[in-house]
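Student: The sequence shown begins at 54 in this note's numbering and counts up one residue at a time.
Structure below; questions to follow.
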Amino acid sequence: MDPAASHMGETKNFKSVNNVNKSILEVFGDLSVKSDVKRNNSCIALVQHLADNVDDESEENVSKSLDYCLKRLVRGLGGTRQPQQKGYFTALVSVLDTFPAISGQHFIETVVKELGGSKDAEEKESTMGMALAYGAAIRGGLFARSSTEQQKQIISTLFKCGKKKSYIPFASSSFLLDLIQTSDEHLLMDAVWPVLKDEVSKPWVDQSLDTLAILLLVSNRAVNIVKSKTIQKWLGIPLLSPESMQHFAQKLVANSTSLTVKHPVYDEFCKSLSSPSNDNLLQSFWTVHVDNILASSNKNKDLAVLRILTILLKDMTNKQQIEVLVTPRVLDVIGRILRAPPAERKIFHELHTLAREAITTIGTTLSTDDVTDKIRLSVLKKILFDSGNLQYEKQTGTHIAILLENKLTKKGVVKLAKQFKEVVDGTSPTNGKVWTNKDRKFAAQQLTRLIGHQACNSEIEWKVEQLLFLLHRGIFRQDSSSTIGVELAGTLRHCFFRALDQKFSNIDTMIGVLSQIVQHINEQLVKQEKATQTVRIPFSKEASLAWRKMLKTISQLESKNVSNGNKESAERIFHVLFLFMGLQLISDPDMAAGSLQELHSCYDRVKSGKQDSKQEEPQWVEVTIDLFLSLLSHDSHLLRTIVGTVFPHLSKHLSVSAFYQILEVLDPDQNENPLTSATDADDSNDESSSDDEDNSETVTQKNVNGKGKHQENSSEENSDEDSDDSESNENDESDDPDKENDLDDGFEDFDDDEDMDETINDKLRQEVRYALGNAASLTDTESVDLDDIDEEEGQRMDTALSQAFKNLRQSRSSKKSKKQLKSEEAVTHFRNRVLDLVEIYISREPSMDICLECITPLLSLLAFSMKDVHQKPLEMKTKSILHKLTSLKKFSSMGGVNEQSLAELIKSLAGKGVRSATTFLGLADLISDCCTFLVRCSEFIRSQSSNQQSSAKKNLVADVIESLFIDFCTKRDTLLPNNMFKSVINLQWNGCWSVAPVIVQHAFDSKVRPFRRGQAIELLSTFFRNNHLLNSADQKQKQALKKIVSSVIDNTIELLSSENDSSARVQPRQNHHLLASVLKLIQQLLARSDTKPANTSTLSSALDSFCQNCGGVPAETKKVLTSLSKLLSFDISSLRKVKKGKAENAAVLNGDSSDEETSDNETVFNKQNQNGNARGGDDGIQRKQNLPKGKNRKDKKLHRMALMGKGLDSVTFSSVNDSLLNGREPDDEDTLADNSFSKINGSKSEKMSSFKRKSVSSDSQTPKKKKKNV
């Protein structure tokens, strides 16, 4: 119980007098908990209890319960715990506001009595409690309904409490300021101001934070009551004037402490100073006084300045003043605090939080639309240049400079770029500081960002100017006075190529920018007599020849007037590639020279317009694709951007053979590494073996048969094949002589994971043989006779086998957690980049034949990536591309695709489950989408031919779907998902008319498993909901629809009739579920006008007969029958409902027998009645009705077991040895059971569907079940 309720006598008296519910006493304890929600709920409960028990609310007669609660709440405010003070204060405010019967005099007397006579040791708690109590009177409305004298007493006491302790003024001044803010003019004049006047009428020297806060608020709130001249007379100077700013700066900043910065006077002062009429005062206060104080700052001064800065920025209406507030010293304070080490941040957590809030507020305020570029640039200059610290953002962990740069307009970007260029050249010293190489590098990087600024997208000339600035200083040597060294020049060169890595509005813009740069470089080279000496990276002889040849080709491209549209697209592609690869001669001459040679070869073929004379010579587009793959193999975002920009214009020229080069890289089934060549494999293997001896053999086995002409420079940057790359090839290995030759050359190609599994399994096999000991020589088909093993040998075998399988589990877990090699990671990134090309192609109205070629490699890549956690990014991207591919509805061409190829591809996709079941299950949904996509493609193909031809042709795709569905229903090992058929049958596809009858046939075939029959009925329901297909049916298809509906009706009638035939029935639970699904299908057919049968009398009669003869159905089936009875008018009055989950038990009690499936471990007997009625008839129902009523579950269970044991009275086990029963082996038990039941069958007694032997004690105790089935 809380301290306020420590007087047990009062509690007992309260309970006896007021008859208080005991639970209400717990409310006071809950008022002290830390949870805000629980405290608030306790306050509500307290007020509700008082409202229910207080009868007389007159001021003359306050009820004792209310008086007790008032005393206890007031006394609780004097506690030492902050949660207790919060809870009791909240409750007291609620009580004072809810019960106006509490008078001001009574409340003051209560406060004086409970808190006024405290000892010296408790003075600080009682003083704080008294301030909170009178504050509650103001917040709860008691102050307003008190007399004037009582009001003056409350205000005077609040002031006195604030003077006793240094931390109490915050509470008392907050209540007084609220009182001034909410009181009307009459109350201020009569009660409030007369008391406050005596406290605030002092000179500046004697003013406190409380009195200053009151003066600031009164000067704004009560202008008519308190004249400014009066305040000036007291202070000697105006309250807000240039002279008073010095006094405010001293009291609020210079003399501040960590406690005083939380005083309300800061909010009042900032509110007054942020007014537009006081802009001059704000500038004087901040720049003259505060900035000077920060020259010798400390922790307390920093706290005060940051608090004032944050409040001013939030309240400021004139955004021009932001430039005044953000001074270099303020930024230095913020930077010094945020740069502090973590240990110091933890100590001064409040200071660090306030500094973070201040810099965030600066950025947020400057990001608004009403702030001009002039203000942003001024603040940026102070942050980056005036302070001489360009690394301000990095050191403080903020993004204010980037935030402000992104909000700049075109003019602002140009001005800021000029300043960064001056820093790069080292011609912009600040405060005597000389820019270091680190600063100049940072300035170059910032200039690169500004080149790609969104506000300057249309400023092509300005962008070219900035690019040439970086080019000159990074590529060419300057005069002797230049201060750009080798290290800085390398950074500038990198920034130049990085600046080119941006999205241009169109390809023509890119050509224009690159052409100007190339021409400018050539002009600079021509002007110099010794060109090789002016370039920092001298051109080799081969590079110089490649440069001149490239210029000649570009000149031809620019002067040539192309009229053919397709050819024009190809010309522009080569124009971009020539320009870009020419620039690459500066950074990577060897790679660029080889690429330019291939480009010249391709362009000559395009220019001549002739087909390749030799079949073995590749087409130009194939060579170009190979060049693209070579560029993507480099770890360069710039190369990726260039390829991504040019490839969309090349897509219309792509052939299947050219696109297959891309798919070959993605397909993990290929026995080649897409990055490393055969000569590089040995080197990479040697490096891997030196780095990781454990993985050396694995890496050597995988780096085989690489390809590509330009992979030498990228082998270190990129990677080798992923460890799981060969896993999907385990079924494709053959005795190829070429592979044998490769092995002779020192290379091997086999599945690394498979070898690891074999190694683990071999080790496990050896450990198991060791564990079995003498039994290890047995074959896999033989078993160990446990009778030949003693107890000691069995324990040893258990320990050894346990350790063997424990080692297996550890080996497999270590395999899964193996860290990915860098070479494997590079292959993953390379394939990820190549996937971008596939995504670009399929998003631009692709060709159907190429889309079909993509399906199998993408599925193989997805299956490969799903096996390795390191391939997760590749898996996600492949899934995304497959979803886009299967959603295509438009194609540029459909040549080379026919129904036969589509049918074979569907069959191939569906057959993947035969080879790899686990992988197929993981890809089931995507395989379904792919098959559905292929069905849609077949419909596109048939729509291209005439109606007569398409109707006469046999639908090969439909035949494949039918064959797959038959396997789906009849074969147990099929892994085809039901969603595949559901997606196909939901299409507006003419093949649905031939597939639907097959579905009907298997839905009602008793040889098909009930689960599959239910799925087939679900497919029929989907077919009849396909409104697009049914509404667009022609006359022939409408006739087919009638036949399908007629077949469903006839099979339903047959199913209902078979309920009376025990030979055609299934298990009751499955039977009821199947029947309910069929009846729902019938209900769906009757609801449509085009599927409703003309004559429903036969169906109605069958349903009526079923309801009359059926013993009972579950609620689901009865609900459907009830709905059908309204449509077909048959009688369901005799239909009984069986509770869900009890259908099988009800069938047994009813004598309702059905053919039960037998398992390998249990023999099942069918129970028949003596009258030969298979259903059990009335006798079964009578026995169920004769169950004793009012008994518990145990008695009902005994009764049921007695009924099941009827006819077994003559069976005894007296001839069986007890010791044998207690300790026999399983074989002996089975023998005894077989012999016992052979006697039962020989005597022609009843057959049982299931039997569980029970032993009941003589005193009729609960029988104990033995865990054995007979």
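Ideal Cβ positions, reconstructed from N, Cα and C, are used throughout, including at glycine.
Given the structure is predicted, the values throughout are model-derived calculations rather than measurements.
Our contact map puts Asp554 next to Thr694 with C-beta atoms below 8 Å; I'd like the distance itself, whole angstroms only.
Tutor: 5 Å
Student: In this structure, how does DSSP classify Lys486 when only helix, strand and coil are distinguished?
Tutor: Note: Lys486 maps to strand in three-state DSSP.
Student: Decide if Phe160 is buried, meaning its Cβ has at least 16 other Cβ atoms within 10 Å, or exposed.
Tutor: buried
Student: Using DSSP bridges, identify the partner residues of Phe529.
Tutor: Val588
Student: Nearest-angstrom Cα distance between Phe152 and Ser88?
Tutor: 26 Å
Student: CA-CA distance, Asp925 and Leu692?
Tutor: The sequence as given places Lys at residue 925; Asp does not occur at that position. C-alpha separation (whole angstroms): 24 Å.
Student: Between Lys1035, Arg360 and Asp368, which has its C-alpha nearest Pro329's C-alpha?
Tutor: Asp368
Student: Short check: CB of Arg392 to CB of Gln444, under 7 Å?
Tutor: no
Student: Could you compute how far the alpha carbon of Ser945 sits from the alpha carbon of Asn885?
Tutor: 26 Å
Student: Which residue comes first and which comes last in the alpha helix (DSSP H) that contains Cys655?
Tutor: Pro642 to Ser661
Student: Please check the pair Leu1132 and Thr1175, which I expect to be a contact at CB under 8 Å, by giving their CB distance rounded to whole angstroms.
Tutor: About 10 Å separates the two Cβ atoms, so there is no contact after all.
Student: Pull up the distance between the alpha-carbon of Val1010 and that of Asn1104, whole angstroms please.
Tutor: For Val1010 and Asn1104, the distance between alpha carbons rounds to 27 Å.
Student: State the DSSP-derived secondary structure class of Ser1182, mapped to helix, strand or coil.
Tutor: coil
Student: Does the beta carbon of Gln672 sit closer than 7 Å to a beta carbon anywhere in chain E?
Tutor: The structure shown has no chain E; it contains just one protein chain.
Student: Apart from the five residues just before and just after Glu765, which ones in its own chain have a Cβ nearer than 6 Å to its Cβ?
Tutor: Because Glu765 carries a pLDDT of 36, less than 50, the predicted location of this residue cannot be relied on, and the following value inherits that uncertainty. Excluding positions up to five away in sequence, the list is empty.
Student: Once the 5 residues before and after Trp600 are set aside, which same chain residues still bring their CB inside 7 Å of it?
Tutor: Phe592, Gly635 and Leu638
Student: For Asp851, which residues of its own chain have a beta-carbon under 8 Å away from its beta-carbon, when the five flanking residues on both sides are left out?
Tutor: none
Student: Alpha helix (DSSP H) containing Gln672: first to last residue?
Tutor: Per DSSP, Gln672 belongs to no alpha helix (DSSP H) and is neither H nor E.
Student: With distances taken from CA atoms, which of Ala879, Cys96, Leu935 and Met919 is nearest Val891?
Tutor: Leu935
Student: Between the region 1080-1094 and the region 1021-1037, are three or more C-beta pairs nearer than 8 Å?
Tutor: no
Student: Which partner residues does Ser900 have in the DSSP bridge list?
Tutor: Ser946, per the DSSP bridge assignment.
Student: Compare the C-alpha of Thr985 against each of Val1037, Glu845, Ala623 and Asn1148 and name the closest.
Tutor: Val1037
Student: Can you look up Lys1035 in the DSSP assignment and give me helix, strand or coil?
Tutor: Residue state, collapsed to three classes: helix.
Student: Three Cβ pairs or more, each shorter than 8 Å: is that satisfied between the region 190-207 and the region 137-153?
Tutor: They touch, by the three-pair rule.
Student: Tell me, to the nearest whole angstrom, how far the beta carbon of Lys435 is from that of Pro381; I am working on the premise that it is less than 8 Å.
Tutor: 6 Å
Student: Considering Cα atoms alone, identify which of Phe196, Arg125 and Val341 is closest to Thr163.
Tutor: Arg125
Student: According to DSSP, simplified to helix, strand and coil, what is Lys5?
Tutor: As displayed, the chain neither begins before 54 nor continues past 1323, which places residue 5 out of reach and without an answer.
Student: If you draw a straight line from the C-alpha of Thr1149 to the C-alpha of Asp1157, how long is it?
Tutor: 12 Å
Student: Are the region 512-529 and the region 459-478 in contact at 8 Å, needing three or more beta carbon pairs?
Tutor: Note that the region 512-529 touches the region 459-478; at least 3 beta-carbon pairs, one per stretch, sit closer than 8 Å.
Student: For the candidate residues Thr425, Glu611, Lys486 and Asn442, whose alpha-carbon lies nearest to that of Glu458?
Tutor: Thr425
Student: Short check: CB of Leu728 to CB of Ser686, under 7 Å?
Tutor: Yes; because the gap between Cβ atoms is below 7 Å, this pair is in contact.
Student: Relative to the C-alpha of Ala956, which candidate in Leu1017, Ser261 and Ala1069 has its C-alpha closest?
Tutor: Ranking Leu1017, Ser261 and Ala1069 by Cα distance to Ala956 puts Leu1017 first.
Student: By the 10 Å Cβ neighbour count, where 16 or more other Cβ atoms means buried, how is Ala1168 classified, buried or exposed?
Tutor: exposed
Student: Three-state secondary structure (DSSP) at Arg849?
Tutor: helix
Student: Do Lys486 and Lys538 count as a contact pair if the criterion is CB distance below 7 Å?
Tutor: In the sequence on display, residue 538 carries Gly and not Lys. No. Outside cutoff.
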